[in-house]
Amino acid sequence: MLRAVADGAYANLELPAVLRAQRVSGRDAGFATELTYGTLRLRGRYDPIIEIAAGRGLAVIDANVLDTLRLGCHQLLGMRVPSHAAVAETVALARQVNGAGAAGFVNAVLRRVSERSPDEWLAAVAPESLDPVARLGVRESHPAWIVKALREALLGHGRSARDNVDVDLAAVLAADNAAAALSLVARPGLSSVADLAAAGATPGRWAATAATWPGGDPGSIAAVRDGRAAVQDEGSQLVALALAAVPVERAEGPQRWLDLCAGPGGKAGLLAALALDQGASLVANEVSEHRAELVRHTLRPAIASGRDGQIEVRVGDGREVGALEPAAYDKVLVDAPCTGLGALRRRPEARWRRTPDDLTVLTKLQRELLASALDATRVGGVVAYVTCSPHLSETVFAVRDVIKKRPDVEVLDAAESLRDKDGHALPGAASGRFAQLWPDLHGTDGMFLALLRKVAPTPS
111 MLRAVADGAY
121 ANLELPAVLR
131 AQRVSGRDAG
141 FATELTYGTL
151 RLRGRYDPII
161 EIAAGRGLAV
171 IDANVLDTLR
181 LGCHQLLGMR
191 VPSHAAVAET
201 VALARQVNGA
211 GAAGFVNAVL
221 RRVSERSPDE
231 WLAAVAPESL
241 DPVARLGVRE
251 SHPAWIVKAL
261 REALLGHGRS
271 ARDNVDVDLA
281 AVLAADNAAA
291 ALSLVARPGL
301 SSVADLAAAG
311 ATPGRWAATA
321 ATWPGGDPGS
331 IAAVRDGRAA
341 VQDEGSQLVA
351 LALAAVPVER
361 AEGPQRWLDL
371 CAGPGGKAGL
381 LAALALDQGA
391 SLVANEVSEH
401 RAELVRHTLR
411 PAIASGRDGQ
421 IEVRVGDGRE
431 VGALEPAAYD
441 KVLVDAPCTG
451 LGALRRRPEA
461 RWRRTPDDLT
471 VLTKLQRELL
481 ASALDATRVG
491 GVVAYVTCSP
501 HLSETVFAVR
511 DVIKKRPDVE
521 VLDAAESLRD
531 KDGHALPGAA
541 SGRFAQLWPD
551 LHGTDGMFLA
561 LLRKVAPTPS
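Take the sequence shown: its letter number 236 is residue 346 in the working numbering, and every next letter is one higher.
This is the structure:
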């Protein structure tokens, strides 16, 4: 798995397939998942430990051997595996996949690692004398640029003040390193939370459509196999529910909804069910044919249950939709491509793949997509701008940059629309008139939501 990820695979997509292929289930699957995800998440903590124990820099250690050492470190320092078993099994693995010479090296390094406790190692690699950002980055295994960005986000979204931001920052980083519960969505009209509960799930914390799966393969649930329910983070459900619930003004006839960046289809699946429930139609647009096919697969049950043409999947560049279909839609979702800094607990390798340079490309794209969405929305309609990142450049700054040039936009109170299943506003989600969820506070991915109403521009 680690070598597949190093070659570009996504752990959350690859691991279930590997477990099925190897027929690993139950407690063994849980162990393999923690071993894989934990090693990927915490390599920023383990790598400096390996350097000290090996007496050499990482650059001179073969990449395959380094992955084996990381697996051993996680068993020794991050799991409850007895030291002798962790060393013996990892050395045996090294002999099998890296060769006899590498096995001796792995044995020597891991024995040195096992001589100190996790706290002793943290004191060695993240001493008090280290720069605070660098120290927290090592302790919580995040690149320094992400630590800085999340600190700025806590302040910029108004969650933290200067005197408590470092405490909140440590909590967010720790939440990124905790295994996330598996959330399911019951797509309205196709399945229910009661159906999922009958299969062993429990109702979700916030969303009326959400359930929590205790473990094992969710594909064992008939509704999930059939596409009437699916795996979907609860925060992702909440932002889709918020858009569906916000009223449009001066509506005439059935509403037309648009998911501008629909792939791979999670939010589109819920929006399609909600659209059918409200008698609306949905166009799910995706720029990639491959991802559009994933959307079609996800929407198949909704398409089958609706009238012809009510749910449609298209391939096209979202940046062009506003010009091609001006003022054509009542509700538009812009689930913008982003750095994914709000989903690091579910995508353990993402923190090591993303760089600050990615922001240059992404922030330009995000602003172009939002501008296109506003052009595609009729007067009285609503655009939901969503990212799975709290980074200020991808959230607050992106929205402000676009709307400052647009007298035809009114910012709605997104936090007011982000309601739980009992109709209450989510505590701690308000970010001015925007909304920001946090993994440590809400137990969801770090979703950002802005709701923008299209209005008739006032004459100058």
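Where a beta carbon is used, it is the ideal one built from N, C-alpha and C, also for glycine.
query                                                                                                                     : result
C-alpha gap between S302 and A524, whole angstroms                                                                        : 26 angstroms
For L443, the first and last residue of its enclosing beta strand (DSSP E)                                                : Y439 to D445
L187 beta carbon less than 8 angstroms from that of P228                                                                  : yes
Endpoints, the beta strand (DSSP E) within which W367 is located                                                          : R366 to D369
Extent of the continuous alpha helix (DSSP H) run through W323                                                            : No alpha helix (DSSP H) contains W323, which is instead part of the beta strand (DSSP E) from A320 to W323.
Whole runs of the alpha helix (DSSP H) within the stretch 302–357, excluding any shorter than 4 residues                  : 303–308, 332–336 and 344–355
Within 8 angstroms, strictly: CB atoms of A438 and L409                                                                   : no
Limits of the beta strand (DSSP E) - the one that I421 falls within                                                       : I421 to V425
C-beta contact flag for D369 and G452 at 8 angstroms                                                                      : no
Proximity winner among D172, P357, P364 and A317, relative to S346 (alpha-carbon distances)                               : A317
Contact the stretch 420–433 vs the stretch 389–409: 3+ CB pairs below 8 angstroms                                         : yes
Contacting residues, own chain, Cβ-Cβ under 6 angstroms from R464 (five flanking each side not counted)                   : T449
Between the CA atoms of A354 and G363 - distance to the nearest angstrom                                                  : 16 angstroms
Beta-carbon spacing of L181, T143 below 8 angstroms                                                                       : no
Coil, strand or helix - T582 by DSSP                                                                                      : Only positions 111 to 570 of the chain appear in the structure, and residue 582 is not among them; the question remains open.
Cβ pair count under 8 angstroms reaching 3, the stretch 322–329 against the stretch 287–298                               : yes
Nearest to G432 (by Cα), restricted to the options A486, A414, L300 and L348                                              : A486
Within 8 angstroms, strictly: CB atoms of V358 and K441                                                                   : yes
Other residues of its chain near A244: CB distance less than 6 angstroms, five sequence neighbours each side excluded     : A254
Beta bridge counterpart(s) of D559 as assigned by DSSP                                                                    : Contrary to the premise, residue 559 reads as Leu rather than Asp in this sequence. In DSSP, L559 forms a bridge with V496 and A545.
Cutoff 8 angstroms: G389 Cβ touching any chain B Cβ                                                                       : Here chain B cannot be found, since the structure has a single protein chain.
Short Cβ contact (8 angstroms threshold) for V235 with L246                                                               : no
Pick from G490, P549 and T146 that is closest to R365, judged by C-alpha positions                                        : It is Gln, not Arg, that sits at residue 365 in the sequence shown. Ranking the options by Cα distance to Q365, first place goes to G490.
Where H252 falls, given that 16 or more other Cβ within 10 Å makes a residue buried                                       : buried
Nearest-angstrom Cα separation, counted from F558 out to L51                                                              : Nothing can be reported for residue 51: it is not among the residues displayed for the chain, which extend from 111 to 570.
Spatial distance of A340 from C183 (CA atoms)                                                                             : 34 angstroms
G426 versus G389 - alpha carbon distance                                                                                  : 25 angstroms
Residue range of the unbroken beta strand (DSSP E) whose run includes S193                                                : No beta strand (DSSP E) contains S193, which is instead part of the alpha helix (DSSP H) from S193 to V207.
Buried or exposed (CB count within 10 angstroms, at least 16 for buried), H194                                            : exposed
Buried or exposed (CB count within 10 angstroms, at least 16 for buried), D172                                            : exposed
Nonlocal neighbours in the same chain, by C-beta distance under 8 angstroms from A309, ignoring five residues either side : S330, I331, A332 and A333
DSSP beta-bridge partners of T487                                                                                         : Y439
Euclidean distance between Cα positions of Y120 and G211                                                                  : 31 angstroms
Given 8 angstroms, three or more beta-carbon pairs between the stretch 501–508 and the stretch 532–551                    : yes
Continuous beta strand (DSSP E) stretch holding V521: start and end                                                       : V519 to V521
Residues near V219 in its chain [Cβ-Cβ closer than 7 angstroms; skip 5 each side]                                         : I160, A163, A164 and L179
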